[in-house]
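Encoded as structure tokens, the structure appears first; notes follow it.
In our numbering, the protein residues as written are 153 to 267.
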């Protein structure tokens, strides 16, 4: 199964909902390009909803870190939501949990921009 991405605006935040698998190659490249496009378009509040992700490989962690750094350098904020248990564990083990702002739900991630 390939990666499907849906971008929509929710209360002033760009929510990028992902569905499928994210692996090195076409899927990872497509995700990187979509996130770069959002930042180039001036989006300052970005939520990546991982609720429907079935699999993510370790190479994609680099894509997420690069997206976070790119967003931050442009004055934007990137948040992750609906992480599965495995991805939460990977973020803990790699110490990336302290890099990303993680919320349990999309609604909490969007609302956190207002705090």
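Glycine included, each C-beta is placed from N, C-alpha and C at the ideal position.
All figures in this text were calculated on a predicted structure; none of them were measured in a lab.
Three-state secondary structure (DSSP) of residue i
i, result
"residue 181", "helix"
"residue 234", "coil"
"residue 242", "helix"
"residue 267", "coil"
With 16 other Cβ atoms within 10 Å as the buried cut-off, status of residue i
i, result
"residue 201", "buried"
"residue 203", "exposed"
"residue 238", "exposed"
"residue 189", "exposed"
"residue 261", "buried"
"residue 267", "exposed"
"residue 208", "buried"
Residue i - containing beta strand (DSSP E), residue span
i, result
"residue 159", "156-162"
"residue 254", "253-255"
Cross-strand partners of residue i (DSSP beta bridge)
i, result
"residue 171", "156, 204"
"residue 250", "Residue 250 is not bridged to any residue."
"residue 197", "229"
Short Cβ contact (9 angstroms threshold) for residue i with residue j
i, j, result
"residue 154", "residue 179", "yes"
"residue 258", "residue 191", "no"
"residue 235", "residue 253", "no"
"residue 158", "residue 184", "no"
Span of the alpha helix (DSSP H), counted from its first residue to its last, around residue i
i, result
"residue 214", "211-225"
"residue 347", "An answer regarding residue 347 cannot be provided, because it is not within the stretch 153 to 267 covered by the chain."
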